[in-house]
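Residues in the sequence shown are numbered from 305 upward in steps of one, following the numbering used here. C-beta atoms are modelled at their ideal positions from N, C-alpha and C, and glycine is treated no differently.
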Amino acid sequence: MTENPEMGNSIEHIRKDYRLYHFKHHFVIYRLSSTVLDVVRVLGEKMDIKQHL
């Protein structure tokens, strides 16, 4: 993710400036600034993303 931070899908419809990356059985939810990739949450793939943000 650090080499290509925009590889995750935008989830603007849930939370502004957040992105989602599906890795194995988890969702990594993160946001980008000009110099930082900030991991906000790591959720199991069966968890409701909207409920946990």
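Residue i - containing alpha helix (DSSP H), residue span
i, result
"Ile333", "Premise fails: Ile333 lies in the beta strand (DSSP E), 330-336, not in any alpha helix (DSSP H)."
Proximity below 7 angstroms, CB of residue i to CB of residue j
i, j, result
"Glu310", "His329", "no"
"Phe327", "Leu347", "no"
"Val344", "Ile353", "no"
Residues sharing a beta bridge with residue i, DSSP
i, result
"Val346", "Val332"
Residue environment, residue i, which counts as buried when at least 16 other CB atoms sit within 10 Å
i, result
"Ile318", "exposed"
Enclosing beta strand (DSSP E) for residue i [first to last residue]
i, result
"His356", "Where His356 is concerned, there is no enclosing beta strand (DSSP E), although the alpha helix (DSSP H) it sits in stretches over 353-356."
"His326", "322-327"
Chain C contact for residue i (CB, 7 angstroms cutoff)
i, result
"Asp321", "Among the chains of the structure shown, chain C does not appear; only one protein chain is present."
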